[in-house]
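J.: Please read through the structure below; I'll follow up with questions.
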Amino acid sequence: MAPCWLGAGIFMLAVFDVEGTVAEGEFWDQFTETRGTAAAAMNGEIGFRQVMEQRFNKIRGMKAVDFMERAEAVRPRPGAKKFFAMLRENGFETACVSGAFDFLVERIAREVGAGKWVANRPRVEKGRVTGFEEPLVDAQGKREFVEGLQQSMGFTKAETIVVGDGANDLEMMKAAGLGVAFNAKPVVAQEADVAVDGNSLEALAETIARYQAGMRQRHRVLVAGKLEKKGFEDAGINAAFYDSLDRKGLLEKIRDFHVLVYRGSEKIDAEVMDAAKKLRLIVRPGVGLDHIDLAAAEARGIRVVNTPTASTETVAEHAICLMLSLLRKIPQAHASTKAGKWEKNAFHGTQLAGKTVGIAGVGRIGRAVARRLKAFGVRLVGYDPYLHPEDFADVGVERMPSFAALLAQADVVTLHVPLTQETKNMLNAKTMASMKKGAYLVNVSRGKVVEEKALCDALEAGRLAGAALDVFPTEPLEKCALHGFDNVILTPHIAGSTAEAVRKISEETAARILEFEAGFKAGSETEAGAGAAP
Ligand code: NAD
145 MAPCWLGAGI FMLAVFDVEG TVAEGEFWDQ FTETRGTAAA AMNGEIGFRQ
195 VMEQRFNKIR GMKAVDFMER AEAVRPRPGA KKFFAMLREN GFETACVSGA
245 FDFLVERIAR EVGAGKWVAN RPRVEKGRVT GFEEPLVDAQ GKREFVEGLQ
295 QSMGFTKAET IVVGDGANDL EMMKAAGLGV AFNAKPVVAQ EADVAVDGNS
345 LEALAETIAR YQAGMRQRHR VLVAGKLEKK GFEDAGINAA FYDSLDRKGL
395 LEKIRDFHVL VYRGSEKIDA EVMDAAKKLR LIVRPGVGLD HIDLAAAEAR
445 GIRVVNTPTA STETVAEHAI CLMLSLLRKI PQAHASTKAG KWEKNAFHGT
495 QLAGKTVGIA GVGRIGRAVA RRLKAFGVRL VGYDPYLHPE DFADVGVERM
545 PSFAALLAQA DVVTLHVPLT QETKNMLNAK TMASMKKGAY LVNVSRGKVV
595 EEKALCDALE AGRLAGAALD VFPTEPLEKC ALHGFDNVIL TPHIAGSTAE
645 AVRKISEETA ARILEFEAGF KAGSETEAGA GAAP
């Protein structure tokens with residue numbers, strides 16, 4: 145049966161142990177004459193390091209020229225060049241790994257056209273072989289090589305196939321989606337994911353092609369930004385993870401990915417999308433879509449989704465934390481007491497009960513804040529032009545006809561709007577003039593919703609009693625006037641940072657990818673909505 149290749153559309157990595165797979169069987173014997181050792185090694189009766197030592201003992205003291213001459217006899221096995229060429233034509237990057245010597249493995253890798261290789265170095269002193277050097281002194285070294293290739297070339301575990309014939313190849317097979325025991329002893333064949341009996345490269349090609357076909361439904365997923373891996377692993381998604389990628393890194397890495405999960409501050413615009421020829425889905429973990437050029441995505445048929453509910457409760461809790469801290473001067477009192485002072489009269493606060501709290505943006509987080517505030521015995525007023533009037537009553541919020549009306553009533557204003565053209569600088573010098581004298585401001589939405597200079601002026605003039613901010617027009621926040629106010633509390637965009645939210649975000653992100661792979665379930669409400677981003 146001819147292998148059913150998918151062609152270059154599905155990119156994968158295939159790593160081969162050289163001996164027995166790429167070069168003639170047991171080629172070590174051609175210069176070390178250690179047949180017994182080779183058999184014991186393949187069976188796993190002795191460890192890799194022991195094998196290496198025994199083999200090197202055989203050649204220790206040999207003249208380097210004689211040794212290299214004997215090594216010349218080692219050649220790629222018949223059909224190996226064609227086999228590697230076929231793999232490359234069908235979307236595979238290929239690599240060779242061997243406990244043998246670097247000069248020999250390099251030659252074989254070059255002859256078959258394998259892109260990468262790794263092997264040990266013989267140590268030669270005064271023209272004689274005296275030993276060997278790392279990196280492959282144990283089986284772990286082979287595994288590290290495979291993992292290093294995955295990391296540098298952007299391959300996932302699932303996209304990696306490892307082929308070997310010895311017990312010491314089992315370790316590196318653990319780094320692969322498919323570990324193939326090729327013409328191996330039963331003890332290795334049993335441990336590997338699949339065994340190809342006999343010495344046929346055609347049979348090996350069939351096995352590899354079958355696995356590649358199984359990848360048809362799987363998309364290459366690039367995760368840029370800190371996200372918990374577990375949510376992806378539990379969903380069976382083998383993604384390439386990068387804690388952070390700057391624009392240059394993103395443009396370089398994204399080339400062959402179908403799915404981008406992006407949690408950073410770079411703008412995902414037409415340039416990024418065009419660098420990723422196969423990009424079909426962008427997942428923005430969390431709520432805001434303001435970093436993504438939605439029009440550019442739509443023009444290219446790229447779906448954009450987010451995980452809007454994952455951090456709602458966590459963010460709402462942070463808003464409440466900031467509100468209470470602001471009114472009761474907790475951070476200031478804490479700093480003073482920690483400094484050894486006892487300033488009992490310096491931190492007279494303001495009671496929340498009995499006050500009017502104005503919620504701008506009565507969406508998921510705004511409502512979660514409202515639910516919590518009810519317990520504090522406050523009057524809740526809200527402004528949200530896109531919310532049905534009945535929905536205000538459902539959460540016990542009085543609907544205000546305008547932002548100015550909300551500002552005029554509220555002792556505390558808390559912002560929970562998305563960043564849009566409409567909400568950019570919605571709290572500015574003009575609108576701030578409508579605020580009650582001595583009001584407080586809490587902002588955990590987006591920094592650009594508040595005009596920073598106007599806020600500083602209002603604080604300076606004493607029109608505002610204080611502000612608590614988690615978000616800023618430019619982040620990280622640089623030294624600015626805000627740092628100078630005692631009545632301002634600043635947190636570094638951590639409203640969504642709890643263990644629970646982080647876990648939920650990665651689980652929901654994985655769920656969005658699975659939905660996409662399944663052709664998007666009808667009624668998914670996670671697509672980018674109107675007014676989500678400028
Ligand atoms: P949401 O979409 O459920 O709610 C936003 C609400 O704002 C909607 O009801 C919408 O109708 C309303 N709105 C839109 N334009 C408005 C306007 N001009 N005036 C008043 N209301 C308007 O979103 P959410 O899940 O509640 O999140 C709100 C925002 O919180 C996000 O867009 C994001 O920017 C921010 N956020 C910040 C953090 C953080 O770590 N600080 C974490 C998550 C979300």
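FYI, the working numbering numbers position 534 of the sequence shown as 678, with every residue one higher than the one before it. Built from N, CA and C at the ideal position, the CB exists for glycine as well.
In terms of DSSP beta bridges, what is C240 paired with?
T.: C240 is bridged to F160, W261.
J.: Would the beta-carbon of V273 fall within 8 angstroms of that of F211?
T.: Cβ atoms of V273 and F211: closer than 8 angstroms.
J.: Report buried or exposed for E566, applying the criterion of at least 16 other Cβ atoms within 10 angstroms of its Cβ.
T.: Counting Cβ neighbours within 10 Å, E566 comes out exposed, since fewer than 16 surround it.
J.: Tell me, please, which residues DSSP counts as bridged to T304.
T.: In the DSSP output, where bridge partners are listed per residue, T304 has L157.
J.: My output table needs one value for N587: the three-state DSSP class, helix, strand or coil.
T.: N587 falls in the strand class under three-state DSSP.
J.: Can you give me the C-alpha to C-alpha distance between S650 and L551, rounded to a whole angstrom?
T.: For S650 and L551, the distance between alpha carbons rounds to 37 angstroms.
J.: Rounding to the nearest angstrom, what Cα-Cα distance links N587 and E487 in this structure?
T.: Distance between the alpha carbons of N587 and E487 is about 28 angstroms.
J.: Using three-state DSSP, classify M145 as helix, strand or coil.
T.: In this predicted model, M145 has a pLDDT of only 45, less than 50, meaning its place in the structure is not dependable enough to derive any value.
J.: In whole angstroms, what is the alpha-carbon distance linking F376 and L433?
T.: So the alpha carbons of these two residues sit roughly 21 angstroms apart.
J.: Going by DSSP, what residues sit across from E718 in a beta bridge?
T.: Nothing about residue 718 can be reported from this structure: the residues present for the chain run from 145 to 678 only.
J.: To which residues of the same chain is E415 closer than 8 angstroms at the C-beta, ignoring the five residues directly before and after it?
T.: If we look at E415 and ignore the five residues flanking it on each side, its Cβ neighbours are L395.
J.: Could you tell me which residues DSSP pairs with A504 in its beta bridges?
T.: A504 is bridged to Y527, L559.
J.: Along the beta strand (DSSP E) that carries F247, what are the first and last residues, could you check?
T.: From DSSP, F247 is part of no beta strand (DSSP E) but of the alpha helix (DSSP H) over 246 to 256.
J.: Excluding the five sequence neighbours on either side, which residues of its own chain have a C-beta within less than 7 angstroms of the C-beta of E372, listed in chain order?
T.: Here the set comprises V646, R647, S650.
J.: Give the single residue among R267, L524, L470 whose Cα lies nearest to the Cα of F536.
T.: The option with the nearest alpha carbon to F536 is L524.
J.: Between A258 and the rest of its own chain, which residues show a CB-CB distance below 7 angstroms, the 5 nearest in sequence each way excluded?
T.: Only F228, T238, A239, C240 meet the Cβ criterion.
J.: For T451 versus T653, is the C-beta distance shorter than 8 angstroms?
T.: In contact: T451 and T653 (Cβ atoms closer than 8 angstroms).
J.: Pull up the distance between the alpha-carbon of V249 and that of W261, whole angstroms please.
T.: Distance between the alpha carbons of V249 and W261 is about 7 angstroms.
J.: Between F247, K225, F236, which has its C-alpha nearest A215's C-alpha?
T.: Taking only the C-alpha atoms, the option nearest A215 is F247.
J.: Counting pairs of Cβ atoms below 8 angstroms between the segment 487 to 502 and the segment 463 to 472, do you hit three or more?
T.: A contact exists between the segment 487 to 502 and the segment 463 to 472.
J.: Quick one: which unbroken alpha helix (DSSP H) runs of 4-plus residues sit fully inside the segment 577 to 634? Chain order, please.
T.: Runs of the alpha helix (DSSP H) inside the segment 577 to 634: 596 to 604.
J.: With burial defined as no fewer than 16 other Cβ atoms inside 10 Å of the residue's Cβ, what is the status of K499: buried or exposed?
T.: That one is buried.
J.: Could you give the DSSP three-state label for E213: helix, strand or coil?
T.: It is helical.
J.: Does the ligand NAD have even one heavy atom less than 7 angstroms from the beta-carbon of A504?
T.: True, at least one ligand heavy atom lies under 7 angstroms from that Cβ.
J.: Give the single residue among A336, H402, G610, A602 whose Cα lies nearest to the Cα of G308.
T.: That would be A336, whose Cα lies nearest to the Cα of G308.
J.: Can you pull the DSSP bridge partners for R267?
T.: Answer is G275, bridged to R267.
J.: Can you find a heavy atom of the ligand NAD that lies under 7 angstroms from the Cβ of A639?
T.: Yes.
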